[in-house]
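Residue numbers (this note's numbering), protein chains in the order written: chain R, 545 to 898; chain D, 15 to 297; chain Y, 38 to 396.
A virtual CB, placed ideally from N, CA and C, is assigned to each residue, including glycine.
This structure is a prediction, so every number in the text was calculated from the model and none was measured.
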């Protein structure tokens, strides 16, 4: 006898029907379905555990070697892979002068992703609102296709577009304007840079994250009951107010869920970021146009060179960086959930349906 | 009346910003796509379909991408949808939260880490060599969280009164899903599948380390045989000195987009069908 | 079959220990009895060269299928060691430590490549540079084109006061390896600092930009006035079309030379007598008035002991065929990537190494 709980805020439980036969047993089909779904749910867990385990076993010597300096140190270098006496820390031997300090990488990862989401969320939601609510139906299908299409453009194409077109455009036209308009804020001040830096990387990431959020938001928008929206209009609300009071609250949880995924994608994106970030391993970006690098881009850029390290420490250091990224993803994910739960207040009955 | 006109201005401003946002979404997409088409130029002809990648064609790469996409669909599809159903319909708060967090963190693992782990584990340790199955598993790892998330979100959007009605009618869970819950959720689930397939078609790094590359058509061998795919050409040929190699790289990106377009249209048609069924429910 | 071992530990420093040339070795080649696919991956520099060989070698040996791919030199070496592929393409030979760890691995050079230093300074048609000056530029110590150090090398030329924008590769690459090898050999600060390798930690230089791949270096340099970039000769024609100037580099004898075939060959010949038996040799900063300073062997890395006789036969046949100037190393194939064929002074040593592939 099974009673799936579900627990979605309904006063009485059992949102999933527990239909029992005369003998009080769960239907065979239901049990099979439940087993399958439980098994399926543990696949992502299993995959993540395997990845973590492999990374951990690989990274362990590097963790011992660097200790806490991995997170606080600012110099990341493989050392001399072609000679010199090995450097030994804590009993682990690495190439001569090898140092693995990832603080600039952490800062770069977080900053680029923050910029990406800060731009992607309003653009996705606003753009999709426009698409679904205002664009005439005959054009909707055509424009809507672009959302999924953006998701499928290979990241190397984004990187090339960033280097050849978007970066220079930003450096020559947009950044000078930003400096003039927002120059009073310290991070917007100063040299406009070469078109390879924090801002470009963040914006390219935003373009890559938009499809993840926008495609989901589009489908969510279509689930808002027309009755509610018409009721709001009947009350004399403008369309903007309808959106603010009826539509967005209805789908807000879904948008947040999609945004979490977008955040994860931003943290883990390698190729496109690598090509436009300026690849500055050992410095913290001094303004928003300065070169930087992310953990994922570092791994992508340096893995091939790391394979030539006979001691294997270079690969281990990169594995440690990968583990660090996992921890960052986990921490920021939890943080985001806590923040949203705090600020969302009482859950509205809107969105539960009645 | 001042309040009324202020509200009208707000309305206008808001929709103006939204229009700008839409341009910001469609603009780069069009820009990039037009650039790809232009740079592929002379190679955009039927030769792409008849010759392999060593002879200015893309036949093996197209077939390879299709095989990998099919594999991802067949493996990640049921797993992702099953997990999404679990999170939406079966799981209690704690367990659901646990599974959900794991899935989200999985989405944050860089694709190259997935690829290299696949290489270390599957290609080297399990001795599968560069193989189709290693490639598919790497892609599945990357793509599953998206399917799980969209399925869960889609099912949660379905109002609870439908579920209550199903209980009242004494439907089994299987029947409830089939007749009541999945039809309204299907468009979003299909979108999730399409986005997931799109992301997997656009990935290079994980496949480089698990599927290798082959200039010949895919062989029906799951292990020990590398396979070609379009993104490899887009990634590698752009670094080669030849002009024709660059054109081939752009052509590969173009074909990827065409493939996506077909995927999107098919998905859209399926979604429309199920939307019709939902409309009869008078939500 | 006489093989004379060379003195030394196979270290690749600039101390030439003249080794006697081995007599011309007979290598057992032939069409294998069953179809063999030779999988190769690694360096994207040697990839187009190998791609040109796929059809012709099939014509000569029906059972040999060459399957080249890219992925990076480090991956090529790693795959060859792990056995995921039969041959790994690499622009850099194995390091001492890696070679010691994998004594069964052979480094077989199949061609010679070089690298030019290109610049985008409108109004300057010819430029002379040295490794020392380049090191200072990439360390941020020389920041303007009219710096006294550069003017000193280019007496009589008017250099503008524009800022120098150094361009470097963002991913691991053999080009970085050979460029930094030159900087390492000519500037002590660089030697004690960043050193050399396929991937190094570059000093932070304000205004520096990155690019991916050789065509990427050309593209970025083309759109950045004042840039300087190290670019492999395989894209020499693209660089010329893009309007980039090609610098004359100072070699060890003090002469300023361009990466023309004669100068490249001169560098190889100068180092030919000191090439160790394991063929891990640097051609950087060679002696000789004509030698170009940034030259390297393109290697195929592979196991000496193969799993079966057919694979070993296929590998020996392919390698011997590939370095033969009438078969694989034809002028057409070489010119497509601006490679230079192995000179006759080196071929016997390479054949001696190929002969080691067994059973």
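Original post:
How about residue 798/R: is its C-beta nearer than 9 Å to some C-beta of chain D?
Top reply: yes
Original post:
chain R beta carbons: is any one of them nearer than 9 Å to that of residue 315/Y?
Top reply: no
Original post:
What's the C-alpha gap between residue 153/D and residue 78/D?
Top reply: 13 Å
Original post:
Since residue 752/R is in the alpha helix (DSSP H), which residue starts that stretch and which ends it?
Top reply: 742 to 765
Original post:
Along chain D, which residues have their Cβ under 8 Å away from the Cβ of residue 853/R?
Top reply: By Cβ distance, chain D contributes nothing, its closest Cβ being about 14 Å from residue 853/R, past 8 Å.
Subject >> Among 31/D, 129/D, 200/D and 254/D, nearest to residue 760/R - alpha-carbon criterion >> reply: 200/D
**OP:** May I have the straight-line CA-CA distance separating residue 766/R from residue 676/R, to the nearest angstrom?
**Re:** 8 Å
Original post:
Between residue 236/Y and residue 846/R, is the Cβ-Cβ spacing less than 9 Å?
Top reply: yes
Subject >> Inter-residue CB distance, residue 241/D and residue 225/D (contact presumed, cutoff 8 Å) >> reply: 5 Å
**OP:** Residues of the segment 230 to 252 of chain Y with a CB closer than 9 Å to any CB of chain R: list them in chain order, please.
**Re:** 231, 232, 233, 234, 235, 236, 237, 238, 239, 240, 241, 243, 244, 245, 246, 247, 248 and 249
Original post:
Hey, does residue 712/R have any beta-carbon neighbour from chain Y nearer than 9 Å?
Top reply: yes
**OP:** Using 8 Å as the cut-off, classify the Cβ of residue 304/Y as near or not near the heavy atoms of the ligand SAH, replying yes or no.
**Re:** As presented, the structure is devoid of all ligands, the ligand SAH included, so that no description of it is given.
**OP:** Whole angstroms is fine: what's the gap from residue 386/Y's alpha carbon to residue 630/R's?
**Re:** 33 Å
**OP:** Say whether chain Y places a C-beta atom closer than 9 Å to the C-beta of residue 735/R.
**Re:** yes
**OP:** Output, in chain order, the set of chain D residues within a Cβ distance shorter than 8 Å of residue 84/Y.
**Re:** 250 and 254
Original post:
So, is residue 871/R buried or exposed, given that buried needs 16 or more other C-beta atoms within 10 angstroms?
Top reply: exposed
Original post:
For residue 88/D, which of helix, strand or coil comes out of DSSP?
Top reply: helix
Subject >> Spatially closest choice to residue 380/Y from 306/Y, 289/Y, 278/Y and 222/Y, by CA coordinates >> reply: 306/Y
Original post:
residue 65/D CB to nearest chain Y CB: under 9 Å?
Top reply: no
Original post:
Secondary structure at residue 233/Y, three-state DSSP: helix, strand or coil?
Top reply: coil
Original post:
Out of curiosity, what's the CA-to-CA distance linking residue 111/D and residue 119/Y?
Top reply: 41 Å
Original post:
According to a CB-to-CB cut-off of less than 9 Å, which residues of the segment 333 to 357 of chain Y neighbour chain D?
Top reply: none
**OP:** Use the C-beta contact count for residue 117/D: other C-beta atoms within 10 angstroms, 16 or more gives buried, fewer gives exposed.
**Re:** buried
Original post:
So, are the CB atoms of residue 190/Y and residue 153/Y less than 9 Å apart?
Top reply: no
Original post:
Any Cβ of chain R within less than 9 Å of the Cβ of residue 114/Y?
Top reply: yes
Original post:
What is the C-beta distance between residue 101/D and residue 93/D, in whole angstroms, given that I count them as a contact (C-beta under 8 Å)?
Top reply: Contact doesn't hold; Cβ gap of about 13 Å is too wide.
**OP:** List the DSSP bridge partners of residue 285/Y.
**Re:** 165/Y
Subject >> Cutoff 8 Å; reference residue 259/Y; Cβ partners in own chain excluding five residues on either side >> reply: 157, 279, 280 and 281
Subject >> Under 9 Å by beta carbon: chain Y residues contacting residue 620/R >> reply: 238
Subject >> Integer-rounded CB distance, given that residue 352/Y should sit under 8 Å from residue 394/Y >> reply: 5 Å
**OP:** For residue 104/Y, go through chain D and note every residue whose CB falls closer than 7 Å to its CB, in chain order.
**Re:** 228 and 229
**OP:** Within its chain, find whatever has a CB closer than 6 Å to the CB of residue 890/R; leave out the 5 residues flanking it on each side and keep chain order.
**Re:** With a pLDDT of 41 at residue 890/R, under the threshold of 50, the predicted position of this residue should be treated as unreliable, and no value is reported.
Original post:
What residues are listed by DSSP as bridge partners for residue 337/Y?
Top reply: 126/Y and 145/Y
**OP:** Taking only beta-carbon positions, decide if residue 259/D is within less than 9 Å of chain Y.
**Re:** yes
**OP:** Using a Cβ-Cβ cut-off of 9 Å, state whether residue 88/Y counts as contacting chain D.
**Re:** yes
Subject >> Alpha carbon of residue 344/Y to alpha carbon of residue 129/Y, nearest angstrom >> reply: 26 Å
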